[in-house]
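**Student:** Residue numbers (UniProt numbering): 1 to 212. Questions regarding the structure given below will be posed in turn.
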Amino acid sequence: MTNWNYQLTHFVTSAPDIRHLPADSGIEVAFAGRSNAGKSSALNTLTNQRNLARTSKTPGRTQLINLFEVAEGKRLVDLPGYGYAEVPEEMKRKWQQALGEYLQMRHCLQGLVVLMDIRHPMKDLDQQMVAWAVDSHIPVLVLLTKADKLASGARKKQLNLVREAAIAFNGDVEVEIFSSLKKMGVDKLRNKLDSWFNDLPGIVAEEPETEA
Ligand SMILES: Nc1nc2c(ncn2[C@@H]2O[C@H](COP(=O)(O)OP(=O)(O)OP(=O)(O)O)[C@@H](O)[C@H]2O)c(=O)[nH]1
Ligand SMILES: [Mg+2]
1 MTNWNYQLTH
11 FVTSAPDIRH
21 LPADSGIEVA
31 FAGRSNAGKS
41 SALNTLTNQR
51 NLARTSKTPG
61 RTQLINLFEV
71 AEGKRLVDLP
81 GYGYAEVPEE
91 MKRKWQQALG
101 EYLQMRHCLQ
111 GLVVLMDIRH
121 PMKDLDQQMV
131 AWAVDSHIPV
141 LVLLTKADKL
151 ASGARKKQLN
161 LVREAAIAFN
171 GDVEVEIFSS
181 LKKMGVDKLR
191 NKLDSWFNDL
201 PGIVAEEPET
211 EA
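The structure is reproduced here in structure tokens:
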């Protein structure tokens with residue numbers, strides 16, 4: 001079993017839609033979740049890099065599909081957040097479309113990390129995201145983010161509640177606690193990504209047709 005070195009992760013590209021992404025090969029694990037849930041922060045914490053993914057207090061910071069490479073053919077993806085109301089309609093439409101296309105058409109997307117604020121988990125769109133992944137046979141790791149905002153008793157209670165809710169999806173859905181601020185749950189995230197990058201089959205790039 002390889003333990004990938006996430007500190008070596010580097011930026012590849014930001015794309016407005018899937019047509020601007022590199023070849024659909026290898027394995028991608030995407031970080032999805034409501035706007036402001038802490039997706040970009042989690043990527044920075046995992047990779048131990050302060051500014052790899054851009055974070056912001058203002059929801060809706062990540063509007064493009066941002067690709068990062070851990071090693072050849074192993075990529076992490078910072079997706080635009082969903083569910084933020086106070087964004088101009090046109091902008092929202094564009095980025096939700098990019099998100100939908102990415103989820104439906106990107107074959108190398110093989111693992112999904114769904115981040116939810118531990119104080120408001122499993123909103124409708126979060127449930128839709130998990131249900132869609134289960135339906136598509138994509139394993140899910142739910143991270144309950146900003147766990148530092150709750151005392152340990154309340155934290156455990158939320159974890160148990162969400163774990164119970166996760167069972168109902170009837171798929172490969174695990175739930176862990178996470179805090180970028182206090183570096184909680186980073187090992188759990190790293191172990192999960194290691195197992196996905198090691199065990200999932202990946203997509204083999206199509207050879208360009210050569211003339212005989
Ligand atoms: N207390 C606390 N705050 C956090 C944590 N993680 C993120 N934040 C804060 O939450 C806000 C949003 O974080 P981002 O990482 O930018 O969230 P995002 O999910 O990438 O947001 P979008 O790109 O808008 O979808 C920032 O102000 C972060 O500093 C955490 O673990 N604890
Ligand atoms: Mg972001």
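Cβ atoms here follow ideal geometry from the backbone N, Cα and C, with glycine treated the same way.
Considering only residues of the segment 40-100, which uninterrupted beta strand (DSSP E) runs meet the minimum length of 3 residues and lie entirely inside it, listed in chain order?
**Tutor:** Here the runs fully enclosed are 65-71, 74-78.
**Student:** Using only alpha-carbon positions, find the residue among 142, 118, 186 that is nearest to residue 128.
**Tutor:** Taking the sequence shown and counting its residues from 1, the one referred to as residue 128 is at position 128. Minimum Cα distance to residue 128 is reached at 142.
**Student:** Using the three-state DSSP reduction, which class does residue 37 fall into: helix, strand or coil?
**Tutor:** The sequence position of residue 37 within the sequence shown is 37, counting from 1. In this structure, residue 37 counts as coil in the three-state DSSP scheme.
**Student:** Could you have a look at residue 177 and say whether DSSP puts it in helix, strand or coil?
**Tutor:** The residue you call residue 177 lines up with position 177 of the sequence shown. Correct three-state label for residue 177: strand.
**Student:** Flag residue 39 as yes when its Cβ comes closer than 8 Å to any non-hydrogen atom of ligand 2, and as no otherwise.
**Tutor:** Position 39 of the sequence shown, counted from the start, is the residue given in the question as residue 39. Yes - ligand 2 has a heavy atom lying nearer than 8 Å to the Cβ of residue 39.
**Student:** Report, in whole angstroms, the separation of the C-beta atoms of residue 200 and residue 111, which I expect to be a contact under 8 Å.
**Tutor:** For the purposes of this step, residue 200 is taken as residue 200 along the sequence shown, with counting starting at 1. For the purposes of this step, residue 111 is taken as residue 111 along the sequence shown, with counting starting at 1. Confirmed, about 7 Å.
**Student:** Rounded C-beta distance between residue 177 and residue 147? I'm assuming under 8 Å.
**Tutor:** As a working note, residue 177 is residue 177 in the sequence shown. As a working note, residue 147 is residue 147 in the sequence shown. So it is a contact: roughly 5 Å between Cβ atoms.
**Student:** Three or more C-beta pairs closer than 8 Å, one from the segment 30-42 and one from the segment 9-18: is that the case here?
**Tutor:** no
**Student:** Nearest to residue 160 by alpha carbon, out of 175, 168, 169, 170?
**Tutor:** If you number the sequence shown from 1, residue 160 lands on position 160. Out of 175, 168, 169, 170, 175 has the C-alpha closest to the C-alpha of residue 160.
**Student:** For residue 56, is the classification buried or exposed, using 16 other Cβ atoms within 10 angstroms of its Cβ as the cut-off for buried?
**Tutor:** Taking the first residue of the sequence shown as position 1, residue 56 is located at position 56. Counting Cβ neighbours within 10 Å, residue 56 comes out exposed, since fewer than 16 surround it.
**Student:** If you pair each beta-carbon of the segment 46-54 with each one of the segment 88-102, do three or more pairs fall below 8 Å?
**Tutor:** no
**Student:** Could you spell out the range, first to last residue, of the beta strand (DSSP E) harbouring residue 197?
**Tutor:** Locating residue 197 in the sequence shown gives position 197, where the first residue counts as 1. No beta strand (DSSP E) contains residue 197, which is instead part of the alpha helix (DSSP H) from 186-199.
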